[in-house]
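Please read the structure below before turning to the comments.
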Ligand SMILES: C[S@@+](CC[C@H](N)C(=O)[O-])C[C@H]1O[C@@H](n2cnc3c(N)ncnc32)[C@H](O)[C@@H]1O
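Numbering (full-length UniProt numbering), first residue to last: 1 to 207.
Right, dumping it as structure tokens:
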């Protein structure tokens, strides 16, 4: 359901990067692989589309129709440039979504992604800023809610960045990326879905 909600948020698109005839695609932290499989269906002429995750990806009935899609169960950072399937400088497109509660070293990770990318290739990182806004104004949620304070404190202690969605642009520029485009999408959780729809976003009430 989360996959379809996020897709709806992006105007029914899974990715927004302008890809043309990609050959090697990576979906890092692919979870159960919904994006990897959709990319397989969208780019049947791609040579290889790898979904990479720390956990094994459960097979589905559509896998046989996606011969160029395969899944690797590993820490992505231990593969890039080290696994024979993933030499540096060879990926046409690298995607990750919702890594915010998994990644503990964003600057290092984004540098690895930069190394993995072919010159002229594209990267798309879709993630959250785990913060609340009221009519566009940032709320002092940490002051208001103990659960948020503790959540953010615990995450910080583990090296996670719960604002990675907002900070991604900076991570990319620091890693050497050029032509970086950051877009924000609103998910309404407190105000109902009307506000989000007015702003072109998504309300949790819609799902
Ligand atoms: C919240 S899930 C998102 C799944 C999927 N991207 C989606 O949007 O449906 C985050 C996933 O990232 C994986 N992950 C976190 N760190 C990783 C790493 N270093 N290498 C590979 N996978 C990782 C986790 O195992 C988890 O399945």
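Glycine included, C-beta positions come from ideal geometry on N, C-alpha and C.
Taking 6 Å as the cut-off, is the C-beta of residue i nearer than that to any heavy atom in ligand 1?
i	result
residue 14	no
residue 29	yes
residue 70	no
residue 102	yes
residue 111	no
residue 5	no
residue 76	yes
Tell whether a beta-carbon distance below 7 Å holds between residue i and residue j.
i	j	result
residue 25	residue 41	no
residue 51	residue 73	no
residue 159	residue 104	yes
residue 127	residue 164	yes
residue 22	residue 93	yes
residue 49	residue 35	no
residue 152	residue 162	yes
residue 187	residue 169	no
Mind checking residue i: buried by the 16 CB within 10 Å criterion, or exposed?
i	result
residue 145	exposed
residue 76	buried
residue 137	exposed
residue 14	buried
residue 173	exposed
residue 110	buried
If contacts are defined as beta-carbon pairs under 8 Å, then residue i and residue j qualify, I think. What distance do you get, rounded to the angstrom?
i	j	result
residue 39	residue 27	7 Å
residue 139	residue 133	6 Å
residue 123	residue 177	7 Å
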